[in-house]
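Single-structure report; data block below.
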Amino acid sequence: MSDDKTSNQMWGGRFASGPAAVMEAINASIGFDRKLYSQDIRGSIAHSEMLAEKGIISAEDQSRIAHGLNTILREIEAGTFTFSARLEDIHMNVEARLAELIGPAAGRLHTARSRNDQVAVDFRLWVKEELLSTAEALKRLIAAFLDRAEEHAATVMPGFTHLQSAQPVTFGHHCMAYVEMFARDLSRVRDAVERLDESPLGAAALAGTGFPIDRSMTARALGFREPTRNSIDSVSDRDFALEFLSIASICATHLSRLAEEIVIWSTPQFSFVRLSDSFSTGSSIMPQKKNPDAAELVRGHAGRISGCLMSLMMTMKGLPLAYSKDMQEDKEAVFDAAEALDLMIAAMTGMVSDMTVNADAMKRAAGAGYSTATDLADWLVRVLGLPFREAHHVTGRAVAMAEAKKTGLEKLSVEELKTLHPGITDDVYSVLSVRNSVRSRTSFGGTAPSQVRRQIRHWRKRLAKA
Ligand code: ARG
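Counting with the numbering used here, you get residues 49 to 514 for the letters of the sequence shown.
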């Protein structure tokens, strides 16, 4: 990619060419900011149209400029464009090629503009588009979860705290927990779009310009709500990138927790789910194995995304206003995180839709570990009027009794239970099964299948509007 033919073969005494080559290497961003080519060209066309409209450049020059820029767009898309590291970044690569194509008129494009507002507008456009496509990807993931939740609204599984069986829940309810998480991510994405939807173009280097430009016109042409209101902030602000990275980090954390659950659920010991062949791999030495690599990689990628957030935070924290070249570091962090996040969401959507749920294994596990003990205590409170603390104590003794007999709570006879409290009757068995346990939890947002279905309806309606 570097076109520097004279660069140093050695260091040492060859000082004249050495530092220049290093300077080029540290300075050039074209290796990564070429990703901004379409935003850069759109920004330049909008800028040139405004300059012509305001009489700052002639209509003929504008049409040459626009024609040249469209040619460059086609060249880049066809892969015939030669990027040069010596020209530093995407902005200068495009402008230099424009000069080759249309001659001196190219030099008029940069009137009333600086690379500082140019890169700010390009990057905002890129992040905005990435946020909008992330919103669509999240909607697909949520839809996958809603389908699984519907299918399994009444499938019982153990609910965990401390990864110890706590109380029975339904798999549908567990899926809906992820719907809540990803719906919050989606709402953060929308908030961020709302906030970044201002165009910095026309802030120029940092102070604005004396040319009679129309910033609202370029803002509109580029699909922004309005122009930014302070030229210094316009070129020094990277909050939109930091926000993208924080949203991505939180979302990646959610995806990573899901990945961890899938890893656990797909072990032969749990066997709650079976991953499809398309999202697992075999072992080169152990033929019996089916590994959840995609889930593990989602979990692994999450660390990288948080790292990108930290790296840009650290870059920005000491910078005086307005632009400093340190800010060129913003792009790799965002591009890397965006690529990872897109893959993670897509992989998870595939895994969630494809995995086979083993309802029998879930049900068996749901009954283990005295998971309906709280239901027994609640029954003692509700039916016999015991204070909860006392009911807790009686239940504890019932668990000890069942444990001593190596059996389940529902297998204790009513006579045995009566030795713990004389008021206990046959009616107690109605709450000791996991099925009845989950059915009884009808409080708003609880795990009863009726509540789960209610939340599914709520989210389907809400997402249809989103
Ligand atoms: N490549 C630069 C960046 O990404 C563009 C802005 C350069 N501005 C400047 N004053 N050197 O930040």
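From the three backbone atoms N, C-alpha and C, an ideal C-beta is built for every residue, glycine too. Predicted model only: the values in this text are computed from it and were never measured.
Non-local C-beta neighbours of R322 in its own chain, meaning closer than 6 Å and more than five positions away in sequence, comprise T404, ordered along the chain. Around the beta carbon of I104, 16 or more other beta carbons sit within 10 angstroms, so the residue counts as buried. Under the three-state reduction of DSSP output, N339 falls in the strand class. Taken atom to atom, the span from the alpha-carbon of V169 to that of T397 is near 32 Å.
Spanning the alpha carbons of S294 and M205 requires a straight line of approximately 33 Å. At a threshold of 8 Å, Y371 counts as near the ligand ARG, since its beta carbon sits closer than that to one of the ligand's heavy atoms. The segment 210-218 and the segment 479-493 touch, with no fewer than 3 CB-CB distances between them shorter than 8 Å. Where G207 is concerned, the enclosing beta strand (DSSP E) starts and stops at V204 to T209.
The residue among D384, A407, V431 and L424 with its C-alpha nearest the C-alpha of T203 is A407. For Q215, the enclosing beta strand (DSSP E) starts and ends at Q212 to T218.
One Cα belongs to H95, the other to G151, and the distance between them is close to 18 Å. The segment 424-434 makes contact with the segment 468-485; the number of CB pairs closer than 8 Å reaches 3 or more. S331 has its CB no nearer than 8 Å to any heavy atom of the ligand ARG.
Approximately 4 Å separates the beta-carbon atoms of E123 and F129; this is inside 8 Å, confirming the contact. Judged by pairs of C-beta atoms under 8 Å, the segment 227-241 does not touch the segment 264-272, as fewer than three such pairs exist. Between the C-alpha atoms of G155 and A147 there is a straight-line separation of about 7 Å. The closest heavy atom of the ligand ARG lies 8 Å or more from the beta carbon of E143. Inclusion of E108 and A73 in the CB contact set at 9 Å is not warranted, their separation being larger than that value. Counting along the chain, the unbroken alpha helix (DSSP H) around H95 starts and ends at Y85 to E101. Judged by DSSP in its simplified three-state form, T315 adopts coil rather than helix or strand.
Distances from the CA of T209 to each of L186, L369 and G417 were compared; the closest alpha carbon is that of G417. For R161, the secondary structure class from DSSP, reduced to helix, strand or coil, is coil. Contact between the segment 284-291 and the segment 299-314 is absent, with fewer than three C-beta pairs closer than 8 Å. The beta-carbon distance between I89 and I120, rounded to whole angstroms, is 6 Å. This is short enough to meet the 8 Å contact definition. Cα atoms of R172 and A231: separation of roughly 24 Å, rounded to the nearest angstrom.
Cβ-Cβ distances below 6 Å link A388 to H349, R352 and I353 in the same chain, with the five nearest sequence neighbours on each side left out; the list follows chain order. Scanning D374, K338, D285 and L84 for the CA closest to the CA of T315 turns up K338. A direct Cα-Cα distance of roughly 18 Å separates L465 from R437. Assignment of S247 by DSSP, reduced to helix, strand and coil, places it in the strand class. The beta-bridge partner set that DSSP reports for E274 consists of E246.
In this structure, L357 sits near A385, with a CB-CB distance shorter than 9 Å. Judged by the Cβ position, D287 fails to qualify as a neighbour of the ligand ARG at the 8 Å threshold, every heavy atom of the ligand being at least this far. Distance from the CA atom of S181 to the CA atom of R445, rounded to whole angstroms, is 56 Å. Going by DSSP, L465 is part of the alpha helix (DSSP H) stretching over V462 to K466. Annotation for K83 indicates a beta carbon at 8 Å or more from all heavy atoms of the ligand ARG.
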